[in-house]
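Peer 1: Chains as they are written, first to last, in this note's numbering: chain A, 12 to 114; chain B, 12 to 114. If you scroll down you'll find the structure; I have some questions about it.
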């Protein structure tokens, strides 16, 4: 009997399979068009706010992708990490001290 | 109307929220027990194969966690990255050359 897959395992698997799907079966990386398609389908908010071709180019530089190079999984992972860290910060309890006094 | 959330966005959100749930609402990190609970609930295969207390200690060292320190989201992320990279490698087309000959 197949073991139940946890939410976290499912999430990791989704990140990997979406990258694979975007690149096609016989590839280990994405070309720029495949990456753009992946962005607009799977990270539409980021695709909208990144600001066109110039924004895309800056994003790819931040991911460590050189001009004309394929986007590797490890470069893609840097983008995912940025998104996750930013979401984590948004959800984190603020560290400012509570100045209210219990009466 | 709320925008539809993509599979990739959902996956990122799951990774962040599971970490937050494990640590409780008022925390930005996990203590060792909370981390152990997260592992056995969400990464059961890894929890089983890591090899008890000694294995856990080695895993935490690899994640960059020092003795007695809380497990931060960025340390947790290193573990997720290892899992994702290993899954990616398993799913990648092999680069060995095919030596068969079409007759």
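Cβ atoms here follow ideal geometry from the backbone N, Cα and C, with glycine treated the same way.
#1: Using a Cβ-Cβ distance cut-off of 8 Å, determine whether residue 26 of chain A contacts chain B.
#2: Go to residue 96 of chain B, then tell me how far its alpha helix (DSSP H) extends in each direction, as first and last residue.
#3: Examine the ligand SAH and report whether any of its heavy atoms sits within less than 7 Å of the Cβ of residue 61 of chain A.
#4: Using only the alpha-carbon positions, how far apart do residue 19 of chain A and residue 87 of chain B sit?
#5: Run down chain A in chain order and give the residues with a C-beta less than 9 Å from the C-beta of residue 29 of chain B.
#6: Is DSSP giving residue 66 of chain A helix, strand or coil here?
#7: May I have a chain-ordered list of the alpha helix (DSSP H) segments no shorter than 4 residues that lie completely inside the segment 12–42 of chain B?
#8: Spatial neighbours of residue 83 of chain B within its chain, please: C-beta separation below 6 Å, excluding the five flanking residues on both sides.
Peer 2: Taking the definition as stated:
#1: yes
#2: 84–102
#3: Ligands in the displayed structure: none, and consequently the ligand SAH is not present.
#4: 12 Å
#5: 17, 18, 19, 22
#6: helix
#7: 18–34
#8: 40
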